[in-house]
Each structure stands twice: as structure tokens, then as C-alpha cells.
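Enquirer: For the sequence shown, position 61 (counting from the first letter as 1) is numbered 70 according to our numbering, and the numbering increases by one without interruption. No residue lacks a Cβ here, since even glycine has one placed at the ideal position from N, Cα and C.
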Amino acid sequence: PLDITETTGSVNPVYPENGIKYWQGKLYFATTAAAPDISYLYVKNASTGEEIWRKQLADHGGQAPTMWNNNVYLAERSGGRILCFNAETGDACENFPVILGASMRTIPIIQNGTIYIGTHAGKFCSIDAVSGVINWDFTTDWYIVAPEEIVSTASIWEDKVYFGSHIGKLYGLYKETGGLVSGFPVINAGTTGPISTANGVVYTVGGYNWAVNAETGQVLWQVQPNWSYGGGVSGIYNYPSITIGNNEIIA
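1) Excluding the 5 residues flanking A163 on each side, which residues of the same chain have their C-beta closer than 8 Å to its C-beta?
2) By the DSSP assignment, the beta strand (DSSP E) with T41 in it spans what residues?
3) With DSSP collapsed to three states, give me the class of G239.
4) Using 10 angstroms around the beta-carbon of A101, count the other beta-carbons present and answer buried if the total reaches 16, otherwise exposed.
5) Given a cut-off of 8 Å, decide if Y82 and K64 are closer than it, judged by their beta-carbon atoms.
6) Starting from the C-beta of G188, find all residues in its chain whose C-beta is less than 7 Å away, skip the five residues before and the five after it, and write them out in chain order.
7) In chain order, which beta strand (DSSP E) runs of at least 3 residues are fully inside the stretch 37-106?
8) Grouping DSSP H, G and I as helix and E and B as strand, with all else coil, what is V211?
9) Check each candidate in N80, S87, W62, N79 and name the one with the smallest Cα separation from G70.
10) Which of helix, strand or coil does DSSP assign to N197?
Written out as C-alpha cells, the structure is:
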């Protein structure tokens, strides 16, 4: 097992958040904690468990990291920042961190040098992964006193990007402009959990599994899962992608 030093003797729980990323013989993962100053981004040797480097994170730590162009990117859970480090040395990337100013429980996804991520403030952003410039941002619909929170990690299909809001809407935006795709948002098909796209279909999971046409927003089907297993840490969001294969989806 990998040792996380801060857990030893601590009265506050410290645990990895949202999974571990393997890259070139190393493991990258972030921790979260209820206490200040004990959350880190860790990098460890995948064979020996030896620590290579670590970076302290804001209170409550960060989400699972994303690798791109020999860099590691991370969204802080309460710090409101997108961080970037050289994956080998741990040196901070030029032009980072990018300050979004809102909590994030989503994992950044990166395609062709662009980061896509949503925040608790209801902002979904497209960010240049090199310059840190925010290309555009989109605000979700207003819900009672504030925009709908975004807590689902996005998924990309062709020229569009999809994500769910906390109250159950599925949004589809054009990657280039941030404009809303016709037919979206789809009411009740959104999720606070994982989203995946395949063959022109957006799959989401919540109380029901949903399949939505990625071009039109038409609901193709919705079904209760045949079976499920409980577990996880109460109050913590974990958002891997839905796995699609052999005519089944597993989330």
C-alpha cells in the first residue's frame, strides 16, 4: 500500500480524492481533508511507493489530476484554482494557476490543448492549457438564488462538450464558442455523477441511466439499473467516466 504520511495519528480523515492517475511509472493523486494544511498533490514511484514530489493544496484538497503534454493539471476543491505542474519535476507551469474563484468538484478534461471544467458557481469554462487564458465561459440556468451548480465532470463528442448540473439538467455546448447546442439542456437527464459519450450518444447515470442524442437532445431511453452496489465516502463526489462495452454501461 502507498503511505500517506498525514493520515498517521491524525484526528481528521485524509484520503485520496477521485482516483489515481498512472503516467510513465508514477502515480499521481490528490488528497482531501477536513482540516487545513494537510491536503497535497502526491507523486509516487509506482513500483516502490517512494515519494518523488508533492505540492500543498488549499483546504479540502483537490480532485483527480489530468495529464497533458508532460504536465499534470488539478482543480482545487475549495481553492478556486486550476493548478499545473511539470509532471517530472513538480515545477509550476508558466501562466498558472488560473483563478476561477469558485469551488470545484469536477475533474478537468483536456483536448487539443484546451481545458474544460465546471464550477459550483454554475460557470463552465474553456481554458487554454498553455497560456491559461479563459477562452469563454457559460453560466447555467438560474435556480432559486444562484446558477445551477456544476459537479459532474464533462465529456466530449466531436465539436461539443457535455456536463450535468446539480438539479438534473444535461447541458451541451459547442467547444469552439460555448454556445448552447439546440435541444439542450435536457431536463432530468443531467447528473451529479459521471457522463460519457460514444457513437453520438450521451450517457448519464443517477437514479436512472439515460441515453440522449448528442446532436438533438432527444432522449433515446431511460432505465433503472439492473443492480447497484453502495459504498464510498459520505458527502464526497467521485466522478469517473461511465464505462461502455459489450452492449453494457457500467458507472
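Expert: According to the structure data:
1) Taking the sequence shown and counting its residues from 1, one reaches residue 163 at position 154. Excluding sequence neighbours, A163 sits near T115, I118, Y125, I126, G127, F133, V170, Y171, F172, I204.
2) Residue mapping note: residue 41 aligns to position 32 of the sequence shown, counting from 1. Start and end: 35-42.
3) Position 230 of the sequence shown, counted from the first residue, corresponds to residue 239. Low per-residue confidence applies at G239: pLDDT is 48, beneath 50, and the placement is therefore not dependable, though the value from the model is reported in the following sentence. Three-state DSSP puts G239 in coil, outside helix and strand.
4) Indexing the sequence shown from 1 puts residue 101 at position 92. Exposed, by the Cβ-count rule.
5) Taking the sequence shown and counting its residues from 1, one reaches residue 64 at position 55. Taking the sequence shown and counting its residues from 1, one reaches residue 82 at position 73. Cβ distance not < 8 Å, so K64 and Y82 don't count as in contact.
6) Position 179 of the sequence shown, counting from 1, holds the residue named residue 188. Cβ neighbours of G188 beyond the five flanking positions: L182.
7) Segments of the beta strand (DSSP E) lying fully in the stretch 37-106: 49-54, 60-65, 75-77, 80-84, 90-95.
8) Walking along the sequence shown from the start, residue 211 turns up at place 202. Residue state for V211 is assigned as strand, using DSSP reduced to three classes.
9) Translated into positions along the sequence shown, residue 70 becomes position 61. Taking only the C-alpha atoms, the option nearest G70 is S87.
10) As a position in the sequence shown, residue 197 is number 188, starting the count at 1. Reduced to three states, the DSSP call for N197 is coil.
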